[in-house]
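Here this note's numbering is used: the first residue of the sequence shown is 28, the next is one more, and so on.
We put the CB at the ideal spot given by N, CA and C, even for glycine.
In what follows, a structure is listed as structure tokens, so that the remarks can point back to it.
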Amino acid sequence: MSPAVSNSPTDQVIVQFRDRARVSAVERGRSFAAAGAKIGANLKDVRATSAGARIVRAERKLTADETSKLLATFRADPDIASAEPDLIMRPMSVSTSNDTFYPLQWDFFESQGGMRVPAAWSVSKGKGVVVAVVDTGITSHSDLNANVLPGYDMISSSGAARDGDGRDADPRDEGDWTGADQCFYGDGGGQSSWHGTHVAGTVAAVTDNNQGVAGVAPEAKILPMRALGACGGYSSDIADAIIWAAGGSVSGTPSNANPARVINLSLGGSGACSSTYQSAIDLATSRGAAIVVAAGNENRPASESSPANCQNVITVGASTRNALRAPYSNYGPAVDVVAPGGDMSWNAANGIASTLNDGATSLGEEAYFYSQGTSMAAPHVAGVAAMLVSKLGDIATPAYIEERLKTTARPVPTLCGDICESRYIVDAAAAVGLEDGSPIPTPAPDTAGPVMVSSSVSPLSDNLDDGPAEITVTLALTDQTGVEAPFVLLGNDATGQSQGFGSMSLVSGSPKDGTWQRTMTIPQGSATGAWNVTLYPLKDTLGNGSSGFQSLGTGSITGAPSDTAGPVMVSSSVSPLSHNLDDGPAEITVTLALTDQTGVEAPFVLLGNDATGQSQGFGSMSLVSGSPKDGTWQRTMTIPQGSATGAWNVTLYPLKDTLGNGSSGFQSLGTVSITGAPSDTAGPVMVSSSVSPLSHNLDDGPAEITVTLALTDQTGVEAPFVLLGNDATGQSQGFGSMSLVSGSPKDGTWQRTMTIPQGSATGAWNVTLYPLKDTLGNGSTGFQSLGNVNITSTTTVEPTAVVFSDKDGTAEDAYTVPATDGVEYLVGNKMVPAGTYPGTGEVTVAARAKADYVLKSGAVASWTFTFKATPFQVSPKAVVFTDNYGTTTDTYTIPATEGVEYLLGDTVVAAGAYKGSGTVTVTAKTKPNYVLTDGAAASWTFAFKTTPHEVTPAAVVFTDKDGTAQDTYAVPATEGVDYFVGGKVVAAGTYAAGGTITVTAKATPDYVLKANTASSWSTTFKATFRFTSVVGTGDLNGDRKPDVLVLDSGGALWLYPGNARGGWLARVKVGSGWNGFTAVVGPGDMNGDGKADVLARDSGGTLWLYPGNGRGGWLARVKVGSGWNGFTAVVGPGDMNGDRKADILARDGNGALWLYRGNGRGGFLPRISAGVGWNGMTSIVAARDFNGDGRNDVLAVDTGGALWLYRGNGAGGWLGRVLVGSGWN
């Protein structure tokens, strides 16, 4: 299925040509020009991707309809294998707010919504593991720099990159701010997000450095990959970033000295997973890199977001502090796990705190901010993945990491309701704790192909008179490594018609054990009779095959007489029939008139010079008049200058109609005589070649094989293709085109690195070079072998245990050595074959691995046994007495000892527990054929205590953290003691504390408190300071930004300087003892000195003016009135009467509202009435100019929760109130 076209505008598409076409640069240019003409836009061939596709850029942003039309044009071209949009991906965070410090990182340690990160640090901190962050780049930050490696900037557009030179080795974030309509029409623009810095901080911020925040994997290393800039980033750039980060080869870039084992993608867009993405992801995972992807923030199924919906990725949804699905997070089966992403809807502190920069557009100062999104969830998981890699090494494959995260995640049943299948939050401690056993070893090589468990074809008969036949094929397949998508075909052998060829889709299970399906259509008019369903040879992802072509079943098709005749050629022409290349390239036009009952498929033609092997112009013809049933077809082909002279033949490929009926073989339509200057008819010359390394052990990780060629050609070499193959097993890897790493196509060096993954077959892997061609089509060689690579691997084995049989010193005493593949057993350093041997005395058998094998980690490899002599000496196990001080649980326990029986008096007692009281004596004696070991104890006596028993209560522990949430008292557990608080028994444990706490201890039945022991503990905890008042004051510190004063219950007054972006700089304490004031207001400048002041009313009713000094503090206070304790509300609205002096409003106990007009010198003119009936308002606040009319207003909430705007008239009164909200109570 072709990827869906996103609604986001793009100006690039990715086009992959078929290898069989060997399309030249000239032909590519003609194809792009023709496609661009259909949408009215010029197209430019920008570059090749690492997978050999072409990036094609339009001269402007294309609409979704234009993009769809352009893709349809490309997909209709038989030379083109695929075409997909180069979609713009964007960061997956939502919004930010600022704050600092580890205690704010609830996502690490809180029991409800956190990931138990601190507990995991005792096992692993991700030491040395490279985590690539493909994002907006990175900024310098003192809490991050020590863990940052040299990365790369993969943004190909210099405009989006903002550094003027496109791709380079500097991944520094230049800012992704945008102006209005810059990205698309209607976009309002925005500030720089510094998104990559926030994501990187969550992964690996430096820890234990006495500043800032902690990273999940604080000893990991960040590889910053810049792929997102202004307006986002192209999927082709992101794909190249993934490949380079994993250590793959990207044309025009240096090699990566620090390949990543984990790659974080906190980005995405809409649509299906493109082949560009999937190819990059598959390459990265084959090199051992786990890909962690944000699920997306659109509150929709993650299957609709890319690359979250790609295969072989770990897709991460977001949870809140309360362990609920974040309201924005995408959901559904595509989500593998969930991690904290935060929800700042009501409280910024419920977001994810991490490193950032405070610059609005360009770089500012380093900072710490909250943010929310699946972008924040993904790096939590990437950090845990790094911990696993650090702990397990190569055992932590991408598949193992995903499975480990899933199986150890913490179930939260309420996480997603009915719309989320992944109800599990990643548990870092459980993931790295390896509670479920030893690490899995490197798997043995997989050399077996897929196994077909079952198959079905339905229906097996259909009548075409009822409509087209829909035939569904279903297969159940299994394979150790994973099946490649199988291919099927419907064919009518009697007529040669065929339909529906293509790959099957995985509809359930996994590639290792799953069900595949494809529905194929036989259209009306097709041949009747038997249609056979053919399955093409199966292969797994390592290239192992298990069968040839197979028939899965035959369907019987009936109906009206069908069309079984192929197309008829009425006429043909070739023009011109001669051309001199000195006059320019030859444009040769072929015209055909064709008829067919059902309709002709577009015919294919080719221009070829038989003498030299050069060819040009292969492709499908276009219908220029008539219809497919009776029409004229045409194609113009170009022979470029420099091509061979002589006869060029025009060949028509076999004709077929839409039902698959053929009517002819290859036909010659005419010959064109080409003359001109001497041409280039020689193919490329290989100057040298190398393959490195020539041997590798897969136990050390995947094999990275680099092939290098030096080639020359007069016109220029087409990119050569190479393949790695194991002839003994049929496995192959790494097929694709080489990249030009130096020089030019005329004289240059080409290179490609191919990967043989762990689990592949061992032995000789041959490097095959496909036939070379130049841009004119000249070939110079066939297939060539460039060298062999010797691949080795050891097989992990676990020795079978040795069995000892002890018959108490008899001749039947024996030990049996088993037979285990890859293992040899030794006794006294001598190898012994499998078998049974006599046993006597102490026998030790050891196991060791044979050549090419290793013992499984943790496997038992030595067994020691001592055979008994006759009679056998034994030491009786001791009797155990449990004295609970005269209670009913006093017991003594008789053990079981081979050869020994225990007696109470003269009576033998069986092994078990018995009630104890008084004095109890137990003796032991041996059974026949046993004797007691010299000196062994054989008698035990114990006197049980009586009731009651004295006990000393353990002390209660009080922890006073100065009024914080950590104030606690701990009640201990003491046998025989109950602890009471407020007359009620409390269980042992730790409890939250406040005020005065008294705990007393009392003895339980059968116990008494020991004399003179403490039995009561009491303490008074310091008060918890909470904010009691928040006052808007205007600019108090002279930086021209509004500030806020906050009074806490301890009397401290705090200044929160505003940052003019909706947040705060660090708060400053500006006073203490302010809890003696019953009202604090900020009316503005009261004394006319141009600085904001504060009014405060004390408990005696005196009103004081605190003149601001413009630096966040005060001059000496001034008394401005008394008797103000009769007012129930005091508000500082600013200038209410238009005289440019600050005023205040005060409501008295009867509900009358008074305006006290400021005189500009720190006092008031006589008060005037501002209204009555205001005692119905529960809250009155200054709103300044709320409605933008230049006059100050007031907001008030009534007892019913209605919010009213009282619009000031600029003369000390009101224009009338307006309802602006409800539910404010």
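Spatial neighbours of Phe762 in its own chain (CB-CB distance under 6 Å, excluding positions within 5 residues in sequence) are listed in chain order as Leu750.
The C-beta distance from Ser820 to Asn676 rounds to 52 Å, too long to fall under 8 Å, and the pair is not in contact. Distances from the CA of Ala307 to each of Ser282, Ser262, Ala1106, Arg327 were compared; the closest alpha carbon is that of Ser262.
Residue environment: Val850 is assigned as buried (16 or more neighbouring CB atoms within 10 Å of its CB, all protein chains considered). Secondary structure at Gly1165: coil, using DSSP grouped into helix, strand and coil. It is roughly 12 Å from the alpha-carbon of Thr1023 to the alpha-carbon of Thr995. Using a Cβ-Cβ distance cut-off of 8 Å, the stretch 297-305 and the stretch 332-350 are in contact, since at least three pairs of beta carbons, one from each stretch, lie closer than that value. Under the three-state reduction of DSSP, Phe1054 is assigned to strand. When the five nearest sequence neighbours on each side are left out, the beta carbons in the same chain lying within less than 6 Å of the beta carbon of Val854 are those of Val872, in order along the chain. Taking C-beta atoms as the reference points, Ala380 and Tyr397 count as a pair closer than 7 Å. The residue from Ala997, Gly1009, Val714 with its alpha-carbon nearest to that of Tyr1018 is Ala997. Per DSSP, His407 has no beta bridge partner at all.
Counting the other CB atoms within 10 Å of its CB gives Leu604 a total below 16, which places it among the exposed residues. Given a length threshold of 3 residues, each whole run of the beta strand (DSSP E) inside the stretch 130-171 is given here in chain order: 157-162.
Assigned with DSSP and collapsed to three states, Arg1184 falls in coil, not helix or strand. For Glu111, the enclosing beta strand (DSSP E) has its first and last residue at 107-112. In the DSSP annotation of this structure, the continuous segment of the beta strand (DSSP E) that includes Asp1005 starts and ends at 1004-1008. The continuous alpha helix (DSSP H) containing Phe101 extends over residues 91-102. Put simply, the stretch 684-691 does not touch the stretch 663-674. Fewer than three CB pairs are less than 8 Å apart. Per DSSP, reduced to three states, the secondary structure at Glu614 is strand.
Annotation for Lys65: no alpha helix (DSSP H) segment contains it, and DSSP assigns it neither H nor E.
The alpha-carbon of Ala146 is positioned some 24 Å away from that of Asp370. Within the model, the alpha-carbon separation for Asp637 versus Ala709 is close to 14 Å. In the structure shown, Ser263 falls within a helical segment according to DSSP collapsed to helix, strand and coil. Counting only runs of at least 3 residues, the stretch 1026-1114 fully encloses the following beta strand (DSSP E) elements, listed from N- to C-terminal order: 1034-1036, 1043-1047, 1054-1061, 1070-1075, 1080-1083, 1095-1098, 1104-1111. Looking at the DSSP output, Phe1154 sits in a beta bridge with Asp1175. The beta carbon of Thr968 sits closer than 6 Å to those of Thr948, all from its chain and outside the five residues before and after it, given in chain order. Burial check for Val175: the Cβ neighbour count within 10 Å reaches 16 or more, so the residue is buried.
Between the alpha carbons of Tyr797 and Gln643 lies a gap of roughly 20 Å. Distance check between Gly1150 and each of Asn384, Asp1175, Gln238, Gly1159 places Asp1175 closest, using alpha-carbon atoms only. Here Phe831 is bridged, per DSSP, to Tyr842. For the set Ser832, Gly885, Gly943, the Cα lying nearest the Cα of Lys895 is the one of Ser832. Under the DSSP assignment, Gly527 falls in the beta strand (DSSP E) whose first and last residues are 524-530. Beta-bridge annotation (DSSP): Asn519 is paired with Gln524. Residue pairing of Gln760 in beta bridges, as defined by DSSP: Leu751.
In the structure shown, Tyr304 falls within a helical segment according to DSSP collapsed to helix, strand and coil.
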